[in-house]
Amino acid sequence: MVQNAYSYSTTTWQADIKAAQQIGIDGFALNWMPPDCQYPSLAWQMDRIDDAYTVAASQGFKLMFSFDMSWASCNTFWNQTFMASMISKYASNSATYLWNKDVLVSTFGGDSVIYGNQFFAGLKNALNGQVGISLVPALTSYSLAAQFTPPQEAASLVADYPSIDGFFNWQAWPLDRPTNLTISPDVAFKSALVSSHKTGPYIMAVSPWQYKDMNEANSLNSWVAYSDTLFKYRWESAINKVQPDIIELLTWNDYGESHYLRNLPPASETGPASVRLGEMGKYVYGMDHSGWRIMAKYYIAWYKTGTPPAIEQDQVVFWYRTHPKNATCNLGLASSIRNSEYPHDAVFAWALVSSPATISVSVGSNEYWTFKANSTGPAIGSVPFPDNLGSGVIPMVGIVRDGKTVQAANGTQAITSGCGFVNFNPVVGVAGLHLSSWGSDSVLVG
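According to our numbering, the residues represented by the sequence shown are 26 to 471, in order.
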């Protein structure tokens, strides 16, 4: 999200791109708002975009525009002339992501009455045939409805939007239900694009989590999606069953929805859309997610090669929330968190081992719970929170082989029975070699 890059310098872009390349990510989708949509002006986004292109070109990284068309209340909406000028400006830049020699262009939204198919047709006309684009929008109303009637919504999409070349299914999380997201919508959308002879890609979204708290009395604006084991399930479904043209990881730096993979920004960072917006910092700061990049690295390699990568080192990625879902929290305006009954009060552990081993997890009085892992692929297990959390417990995770602990780590945050500000955003830990020690198909990250 360019909105969360207010304080970025070229050095920040360099570090972010290097970290993304380290795990096999090919490019960033630059999601940005209309510059004059709100006050204060968001015109600074164009400077950050220019810096991103300069750095990406020098580092062999790719970028594409994702025009955020989701805001219903906006002072000045997107218009085709301005969008065409921005696409044309970077069309010949070596960092621009091309699909079949055309500039790949995406959106978030665009299916409201303000936009629609005629708007997208007008965008192509505004380019005057000088720049070819492969238009792959995320028309979110179709993605949402497809969770209930996949074939019908996929058929409606291609009928209602003849101007588009492909489709990005943004919905990476189950919608208000306590089960992992099925792939039926992905299969339906991909099939509809093929049968209608679309030349653009099918982009499938994969995400580790979703939780957002707008800190408002309206509980509809505060929700958590069932995500306990979503990352593993969604990745393996994409690789084994859907095989999309592109996978877009959601997200690199959307802190407010708790699905960021990037290292956390400093608490001193400021700006119109920084983490300090509203009360987001209360459920973001201290909740490191960088360990999820280890999981992404493994699955990206599998997706690109078609073969699970050989496991050469022992690692466990583990994640957990810092209070039970029924805990009483003292701060915050949200009367309730939608779907708060869905997550399990547990520590989840995902393991890669180079040879057979036992994964040991202790959570307070629930000590030394174990599950087996071997070198054929990832193993996953979980341990529930104990009934009595006392003054707080720190999870402990270890890899045991031949009676010896070969890797071990403690969680960085305690699990407590109460809380100040309600938090369904997990903290992620790693036992074993961390990312900082790591010296065809595509993967983008939004």
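C-beta atoms are modelled at their ideal positions from N, C-alpha and C, and glycine is treated no differently.
Going by the CB atoms, is the gap between residue j and residue i shorter than 9 Å?
{"i": "residue 270", "j": "residue 208", "result": "no"}
{"i": "residue 169", "j": "residue 131", "result": "no"}
{"i": "residue 425", "j": "residue 384", "result": "yes"}
{"i": "residue 205", "j": "residue 251", "result": "yes"}
{"i": "residue 127", "j": "residue 157", "result": "yes"}
{"i": "residue 289", "j": "residue 309", "result": "yes"}
{"i": "residue 121", "j": "residue 80", "result": "no"}
{"i": "residue 378", "j": "residue 404", "result": "yes"}
{"i": "residue 213", "j": "residue 175", "result": "yes"}
{"i": "residue 232", "j": "residue 276", "result": "yes"}
{"i": "residue 417", "j": "residue 386", "result": "no"}
{"i": "residue 215", "j": "residue 267", "result": "yes"}
{"i": "residue 397", "j": "residue 420", "result": "no"}
{"i": "residue 234", "j": "residue 284", "result": "yes"}
{"i": "residue 457", "j": "residue 339", "result": "yes"}
{"i": "residue 129", "j": "residue 89", "result": "yes"}
{"i": "residue 100", "j": "residue 140", "result": "no"}
{"i": "residue 291", "j": "residue 402", "result": "no"}
{"i": "residue 255", "j": "residue 469", "result": "no"}
{"i": "residue 322", "j": "residue 134", "result": "no"}
{"i": "residue 324", "j": "residue 392", "result": "no"}
{"i": "residue 431", "j": "residue 372", "result": "no"}
Give me the Cα-Cα distance between residue i and residue j, rounded to the nearest whole angstrom.
{"i": "residue 257", "j": "residue 197", "result": "12 Å"}
{"i": "residue 91", "j": "residue 272", "result": "14 Å"}
{"i": "residue 54", "j": "residue 278", "result": "11 Å"}
{"i": "residue 462", "j": "residue 220", "result": "Low per-residue confidence applies at residue 462: pLDDT is 43, beneath 50, and the placement is therefore not dependable enough to give any value."}
{"i": "residue 69", "j": "residue 76", "result": "11 Å"}
{"i": "residue 152", "j": "residue 109", "result": "6 Å"}
{"i": "residue 330", "j": "residue 356", "result": "48 Å"}
{"i": "residue 440", "j": "residue 85", "result": "42 Å"}
{"i": "residue 452", "j": "residue 341", "result": "14 Å"}
{"i": "residue 434", "j": "residue 313", "result": "15 Å"}
{"i": "residue 37", "j": "residue 28", "result": "14 Å"}
{"i": "residue 400", "j": "residue 73", "result": "43 Å"}
{"i": "residue 199", "j": "residue 327", "result": "24 Å"}
{"i": "residue 87", "j": "residue 194", "result": "20 Å"}
{"i": "residue 137", "j": "residue 97", "result": "8 Å"}
{"i": "residue 103", "j": "residue 253", "result": "37 Å"}
{"i": "residue 438", "j": "residue 390", "result": "17 Å"}
{"i": "residue 182", "j": "residue 218", "result": "9 Å"}
{"i": "residue 335", "j": "residue 51", "result": "21 Å"}
{"i": "residue 230", "j": "residue 211", "result": "9 Å"}
{"i": "residue 369", "j": "residue 203", "result": "10 Å"}
{"i": "residue 95", "j": "residue 395", "result": "45 Å"}
{"i": "residue 180", "j": "residue 226", "result": "17 Å"}
{"i": "residue 60", "j": "residue 265", "result": "40 Å"}
{"i": "residue 172", "j": "residue 165", "result": "11 Å"}
{"i": "residue 242", "j": "residue 119", "result": "47 Å"}
{"i": "residue 455", "j": "residue 305", "result": "24 Å"}
{"i": "residue 93", "j": "residue 107", "result": "14 Å"}
{"i": "residue 112", "j": "residue 150", "result": "13 Å"}
{"i": "residue 443", "j": "residue 353", "result": "6 Å"}
{"i": "residue 125", "j": "residue 280", "result": "33 Å"}
{"i": "residue 282", "j": "residue 26", "result": "12 Å"}
{"i": "residue 192", "j": "residue 223", "result": "9 Å"}
By DSSP's criteria, residue i is part of a beta bridge. Which residues make up the other side?
{"i": "residue 409", "result": "371"}
{"i": "residue 457", "result": "340"}
{"i": "residue 432", "result": "424"}
{"i": "residue 376", "result": "341 and 404"}
{"i": "residue 351", "result": "Looking at the DSSP assignment, residue 351 forms no beta bridge with any residue, so it has no partner."}
{"i": "residue 541", "result": "Only positions 26 to 471 of the chain appear in this structure, which leaves residue 541 out of reach."}
{"i": "residue 321", "result": "Residue 321 is not bridged to any residue."}
{"i": "residue 227", "result": "192"}
{"i": "residue 362", "result": "Note: residue 362 sits in no beta bridge, so no partner."}
{"i": "residue 356", "result": "446"}
{"i": "residue 469", "result": "52 and 273"}
{"i": "residue 440", "result": "418"}
{"i": "residue 452", "result": "345"}
Step through the CB atoms of chain C and report whether any lies within less than 9 Å of the CB of residue i.
{"i": "residue 214", "result": "Within the model displayed, chain C is absent; a lone protein chain is all it includes."}
### the stretch 443 to 455 / the stretch 232 to 245 touching (three or more Cβ pairs under 8 Å)
Yes, the stretch 443 to 455 touches the stretch 232 to 245.
### Task
Please go through the stretch 116 to 145 and give each complete alpha helix (DSSP H) segment of 4 or more residues, from N-terminal end onward.
With a minimum length of 4 residues, no continuous alpha helix (DSSP H) run stays inside the stretch 116 to 145.
### Query
Is it a yes or a no for the stretch 332 to 349 touching the stretch 408 to 426, going by three-plus beta-carbon pairs under 8 Å?
Taking 8 Å as the limit for Cβ pairs, the verdict is that the stretch 408 to 426 does touch the stretch 332 to 349.
### Message
So within the stretch 233 to 316, which uninterrupted beta strand (DSSP E) runs reach at least 3 residues, ignoring any that extend past its ends?
### Response
List check, beta strand (DSSP E) in window: 236 to 238, 247 to 249 and 271 to 274.
### Message
If we require 3 or more residues per run, which beta strand (DSSP E) segments fall completely within the stretch 59 to 100?
### Response
Every unbroken stretch of the beta strand (DSSP E) spanning 3 or more residues and falling wholly within the stretch 59 to 100 is given here in chain order: 87 to 94.
### Task
Could I get the ranges of all uninterrupted beta strand (DSSP E) runs contained in the stretch 383 to 408, with 3 residues as the minimum, in chain order?
Here the runs fully enclosed are 391 to 398.
### Query
Is the stretch 314 to 322 close to the stretch 38 to 51, with three or more CB pairs under 8 Å?
Yes: the two stretches touch, three or more of their Cβ pairs being nearer than 8 Å.
### Stretch-stretch touch, CB-based, cutoff 8 Å, three pairs: the stretch 138 to 148 with the stretch 185 to 194
Because the criterion of three Cβ pairs below 8 Å is met, the stretch 138 to 148 and the stretch 185 to 194 touch.
### 3 or more residues per run - each beta strand (DSSP E) lying fully within the stretch 145 to 203
Complete beta strand (DSSP E) runs here, min 3: 158 to 161 and 192 to 194.
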